[in-house]
Amino acid sequence: MTKIDQKSDEILRVLGRDGRISNLELADRVGLSPSACLRRVQELERRGVIKGYRAVLDRAAMGAGFVAYIGVGLSDHSKASQEAFERSISRAPEVRECHNITGTIEYLLRVECADLPDYKRFHTDHLGALPQVAKITSYVVMGSPKDERA
9 MTKIDQKSDE ILRVLGRDGR ISNLELADRV GLSPSACLRR VQELERRGVI KGYRAVLDRA
69 AMGAGFVAYI GVGLSDHSKA SQEAFERSIS RAPEVRECHN ITGTIEYLLR VECADLPDYK
129 RFHTDHLGAL PQVAKITSYV VMGSPKDERA
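Numbering-wise, the sequence shown is residues 9 to 158 according to the numbering used here.
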């Protein structure tokens, strides 16, 4: 585990909100010299605390404004069944996130589609057709008042 001091935590919070901020602006916001700030950022990158930078996309503007979380229960809890499910899900462009979780189901998916008919097609033709799937529970997102994913 990597120890993060208060100054590095400030840097991470600012970068988490704006990964394109210049080093000069970042240094000013966190109260460091530009060279000290750059050294800290590079060290956080080297240690793997900062894994990368990415653009935040407006999926609705890209034609994928329908979002649902789906709980998936498997019919068989073997490693082979899990691996087959994960391989199939990794090839589905609608699935933006797939998490293996604990509890009454095995997986939680974040799915983005154009609209409800497109989601129904994915639900029926892809997810419902997988032999490993025993249970599907959909939670349609009506709004996201807080979303800090990058």
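All C-beta atoms, glycine included, are put in the ideal place defined by N, C-alpha and C.
**Report entry** Nearest-angstrom Cα separation, counted from F130 out to V119
**Finding:** Within the sequence shown, numbered from 1, the residue matching residue 119 stands at position 111. Within the sequence shown, numbered from 1, the residue matching residue 130 stands at position 122. Put simply, the backbone Cα of V119 is about 9 Å away from that of F130.
Query - Range covered by the beta strand (DSSP E) that runs through R118 - result: Here residue 118 refers to the residue found at position 110 of the sequence shown. Segment Y115 to C121, the beta strand (DSSP E) holding R118.
Query raised in the report: With 16 other CB atoms within 10 Å as the buried threshold, where does L34 fall?
Result: Here residue 34 refers to the residue found at position 26 when the sequence shown is read from its first residue. Around the beta carbon of L34, 16 or more other beta carbons lie within 10 angstroms, which makes this residue buried.
Query raised in the report: Quick check: the segment 137 to 155 against the segment 83 to 95, are there 3 or more CB pairs under 8 Å?
Result: Yes, since at least three Cβ pairs between the segment 137 to 155 and the segment 83 to 95 fall closer than 8 Å, the two stretches touch.
Query raised in the report: From A122, D123, G81 and G136, pick the residue whose C-alpha is nearest to that of H107; which is it?
Result: If you number the sequence shown from 1, residue 107 lands on position 99. Distance from the Cα of H107 is smallest, within the candidate group A122, D123, G81 and G136, for G81.
Report task. Please work out which residues of its chain come closer than 7 Å, Cβ to Cβ, to R37, disregarding the five sequence neighbours upstream and downstream, and give them in chain order. Result -> Locating residue 37 in the sequence shown gives position 29, counting from the first residue. Cβ within range, chain order: V22.
Query raised in the report: How would you write the range of the beta strand (DSSP E) that S146 sits in, first residue to last?
Result: What you label residue 146 is simply residue 138 of the sequence shown in a count that begins at 1. Annotation: the continuous beta strand (DSSP E) that includes S146 extends over V141 to V148.
Query raised in the report: Which residues in the same chain as I29 place their Cβ atom closer than 8 Å to its Cβ, once the five residues preceding and following it in sequence are excluded?
Result: Within the sequence shown, residue 29 is the residue found at index 21, counting from 1. V22, L23 and R37.
Query raised in the report: Grouping DSSP H, G and I as helix and E and B as strand, with all else coil, what is E105?
Result: Taking the first residue of the sequence shown as position 1, residue 105 is located at position 97. E105: strand per DSSP, three-state reduction.
Report task. Please report how far the alpha carbon of P125 lies from the alpha carbon of G79, in whole angstroms. Result -> Within the sequence shown, the letter at position 117 stands for residue 125. Within the sequence shown, the letter at position 71 stands for residue 79. Their Cα atoms are separated by approximately 19 Å.
Requested in this report: Would you mind reading off the limits of the beta strand (DSSP E) that contains Y77?
Outcome: As a first step, residue 77 must be located in the sequence shown, where it is residue number 69. It spans F74 to L82 - the beta strand (DSSP E) in which Y77 sits, taken as one unbroken run.
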